[in-house]
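This report concerns only the one structure given below.
Protein chains: 2
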Amino acid sequence: MTIFVTMDKLINYLLEFGQLNQQQIDLIKRKAQVLELNKGDYFSEAGKIPKQVAFIEKGILRVCYYNSNGDEITKYFIDENNFAVDINSFNQKIPSSEYVQAVTDCTLLVFSTESLNDLSATIIQWDGIIYKITEKALVEKVNKLSPMLAEDAKTRYLNFLEKFPNLANRIPLSYLASYLGITQSSLSRIRKSI
Amino acid sequence: MTIFVTMDKLINYLLEFGQLNQQQIDLIKRKAQVLELNKGDYFSEAGKIPKQVAFIEKGILRVCYYNSNGDEITKYFIDENNFAVDINSFNQKIPSSEYVQAVTDCTLLVFSTESLNDLSATIIQWDGIIYKITEKALVEKVNKLSPMLAEDAKTRYLNFLEKFPNLANRIPLSYLASYLGITQSSLSRIRKSI
DNA sequence: AAAAACTTTTGCCATTTGGCAAATAATGAA
DNA sequence: TTCATTATTTGCCAAATGGCAAAAGTTTTT
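Residue numbers (this note's numbering), protein chains in the order written: chain G, 1 to 194; chain F, 1 to 194.
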């Protein structure tokens, strides 16, 4: 299958956070590698040191771990037009306690550690742009998680439906239930009640 | 009352994230202002554009907001040796939806927007240091919030006791209950059961 | 010390959510 | 298509948590 990816989404996204000239844009495009994942494929695995950062051109990923009970927990979903990386492990070069899996078929634009270093060394604005992106993504996560604690399960589900209108019916209930912090059967009943 | 603050904690904290020479350290000290808050005082208020960043030399702050039910929610606590700022509002200069209140008497080292700009312009490592601090703080928040959804109320309370061993008995139950996402009476019962 | 204001605990009962296992439904492979 | 596998729903009941208001306890003010 021939893959056609213009990388426009990536470039437009970066441009939201800083200016780039055409030469810089071309360099970024050359450093990015297209990676196609099928639903269920893993982008990164627990126990390994992540070596890549991905921009999601199409599709949805989820970040997961196993809690002390051995239950698989979906920590969060990442959708199109966002970067996916385990910041902790990537920056500190320590093995990740989390893994990243494709929830749907995905098209990713992947940067290796080396590519990122090159970009950082070559494009003066790069670090600033990445900084802003990182900060925004983290703040969003906090702002999404925080109110969830104060809401009941049904409300959390309804809010999820709003944020990912067409996802809820395409992914296993168990993924969603663990993200919402409820059991699968409870979620099934909540769903029914709507 | 005479206030004696060496700012050692602040400087040591900054040095964890980057190197600074004595001249730079002195500049930072000169730019910081000591602010004493009494328990219950507000550091910043909702609806206003925050103009300051605080390093907590002593004491504990909490970041709060009112949810759609009109309930006051404690989004998180910030304790000694951490910076407190509403990143969203501060960076974008938009009115905050949150307010920050002293949970205990506090000694803060406060930087104004202008001071921060000066430091950023004068100390070449400054932005990098602030970036690392910000990222670390945000990642910690996500990592603390995320598993809470998967735990029951009692476990959340026990974990809080571990993290803030001597705080739980010094703050109103209501603060803690809203942080843990449970009602005050439930927390009272949980406490009793231990 | 007494009163007022505020915080925490408790009782009572309703509602929500969980746990487990069986039944159904949906999906994918042969 | 048929079988096997996996995902979802459901029943039954237990456990956790909430809602509300009154009681008990604390702190602050006068």
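We put the beta carbon where it would ideally sit given N, CA and C, even for glycine.
For Tyr-175 (chain F), no CB of chain G lies under 8 Å from its own CB, so it is not counted at the interface with that chain.
Residue ranges of uninterrupted beta strand (DSSP E) with 3 or more members, entirely inside the segment 64-131 of chain G and ordered along the chain, are 72-78, 99-102 and 106-112. With respect to the 8 Å criterion, Ala-84 (chain G) and Val-103 (chain G) are not classified as neighbours on the basis of their beta carbons. Approximately 25 Å separates the beta-carbon atoms of Ile-49 (chain G) and Asp-79 (chain G); this is outside 8 Å, ruling out the contact. Chain G places a beta carbon closer than 8 Å to that of Val-142 (chain F), counting this residue as a contact. For Ile-73 (chain G), the residues of chain F that pass the 9 Å Cβ criterion are Ser-146, Pro-147, Leu-149 and Ala-150, in the order they occur in the chain.
In the DSSP assignment, Ile-56 (chain F) forms a beta bridge with F:Leu-108.
Annotation note: the segment 11-54 of chain F contains the following uninterrupted alpha helix (DSSP H) runs of length 4 or greater, listed N- to C-terminal: 22-31. The CB of Glu-135 (chain F) comes closer than 9 Å to the CB of Ile-87, Asn-91, Tyr-131, Thr-134, Glu-135 and Leu-138 in chain G, given here in chain order. Under the DSSP assignment, Glu-151 (chain G) falls outside any alpha helix (DSSP H); it carries neither an H nor an E label.
Neighbourhood of Asn-67 (chain G) in chain F, by CB distance below 7 Å: Pro-147 and Ala-150, in chain order. Excluding five sequence positions before and after Asp-71 (chain G), the CB atoms of its chain that fall closer than 8 Å to its own CB belong to Ser-178, given in chain order.
Comparing alpha-carbon positions, the option among G:Ile-133, G:Ile-171 and G:Asn-159 lying closest to Phe-17 (chain G) turns out to be G:Ile-133.
Interface flag for Gly-47 (chain F) against chain G is unset, since no Cβ pair is found closer than 8 Å. For Gly-70 (chain F), the closest Cβ of chain G is not nearer than 8 Å.
Contact of Gly-181 (chain F) with chain G is assigned, a C-beta pair being separated by under 8 Å. Taking the C-beta atoms as reference points, Asp-105 (chain F) is found nearer than 8 Å to Leu-37 (chain F). When the alpha-carbon of Gly-59 (chain G) is set against those of G:Lys-192, G:Ile-182, G:Ser-193 and G:Phe-164, the nearest one is in G:Phe-164.
The distance from the Cβ of Cys-64 (chain G) to that of Glu-114 (chain G) is about 27 Å, inconsistent with a contact at the 8 Å cut-off. Taking C-alpha positions only, Glu-140 (chain G) is separated from Arg-30 (chain G) by approximately 29 Å. Looking from the CA of Thr-155 (chain F), the closest CA among G:Leu-187, G:Met-7 and G:Ser-68 belongs to G:Ser-68. Spatial neighbours of Phe-90 (chain G) in its own chain (CB-CB distance under 6 Å, excluding positions within 5 residues in sequence) are listed in chain order as Pro-50. Going by beta carbons, Leu-35 (chain G) and Leu-108 (chain G) fall inside the 8 Å limit. Here DSSP, grouped into helix, strand and coil, assigns Arg-170 (chain F) to coil. By the 16-neighbour rule on beta-carbons within 10 angstroms, Gly-40 (chain G) is exposed.
Here the alpha carbon of Trp-126 (chain G) sits roughly 15 Å from the alpha carbon of Ser-112 (chain G).
One thing to note: Val-110 (chain G) has its Cβ within 8 Å of the Cβ of Ala-54 (chain G). Here Ser-188 (chain G) has Leu-173 as same chain residues with Cβ atoms under 7 Å from its own Cβ, once five neighbours each way along the sequence are excluded. By the Cβ-count criterion, Gln-52 (chain G) is buried, with 16 or more other Cβ atoms from all chains shown falling within 10 Å of its own Cβ. Bounds of the alpha helix (DSSP H) holding Ser-186 (chain G) are 184-192. The residues Lys-29, Ala-32 and Leu-109, in chain order, have a CB closer than 7 Å to that of Met-7 (chain F) in the same chain once the five nearest residues on each side in sequence are set aside.
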